[in-house]
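J.:
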């Protein structure tokens, strides 16, 4: 079964670089808050990249299909209408900038080495 992934690349702000322990604690607490009640999200994945002195975080959100992604976007728009939810969401601007967005699909055949058992 082919999966759909919504991808983001974040770049940590200068403030985040100066407060890395607080940044990672904020990230850890934010994820369950942000994704609660979003049953259409199958899972999330995170990868950290350091490029020169920049800290980039690659984030992927997995969905079954385009319909699930559309449901996600609708749910986020509804949550954003709540001023307190939106205020908390916008705390992200202190910590990172979104520098890229993308949509990916898994291949239609079994690919990927999973290690030896």
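In the working numbering, the protein residues as written are 1475 to 1591.
Glycine included, C-beta positions come from ideal geometry on N, C-alpha and C.
Quick caveat, the model's predicted, so the values are computed rather than measured.
Give the straight-line distance between the Cα atoms of residue 1501 and residue 1585, rounded to the nearest whole angstrom.
T.: Between residue 1501 and residue 1585, the C-alpha separation is close to 31 Å.
J.: Is residue 1482 closer than 8 Å to residue 1547 when the C-beta atoms are compared?
T.: Against a cut-off of 8 Å, the Cβ pair of residue 1482 and residue 1547 comes out as no contact.
J.: So is residue 1583 buried or exposed if we call it buried at 16+ other beta carbons inside 10 Å?
T.: Its Cβ having fewer than 16 others within 10 Å, residue 1583 is exposed.
J.: For the beta strand (DSSP E) that residue 1481 lies in, which residues bound it at each end?
T.: That run of the beta strand (DSSP E) goes 1478-1486.
J.: Considering only the alpha carbon of each residue, which of 1551, 1506 and 1484 lies closest to residue 1619?
T.: Outside the shown range of the chain (1475 to 1591) lies residue 1619, about which nothing can therefore be said.
J.: Going by C-alpha to C-alpha distance, which of 1571, 1538 and 1558 sits closest to residue 1531?
T.: Answer by Cα proximity: 1571.
J.: Are there 16 or more other CB atoms within 10 angstroms of the CB of residue 1568, so buried, or fewer, so exposed?
T.: Residue 1568 should be labelled exposed.
J.: For residue 1580, write down the residues that DSSP places opposite it in a beta bridge.
T.: Paired residues: none, contrary to the question.
J.: Hey, how far is the Cα of residue 1563 from the Cα of residue 1508?
T.: Distance between the alpha carbons of residue 1563 and residue 1508 is about 8 Å.
J.: Counting Cβ pairs, one atom from each stretch, are 3 or more of them under 8 Å apart for the region 1514-1525 and the region 1537-1544?
T.: They touch, by the three-pair rule.
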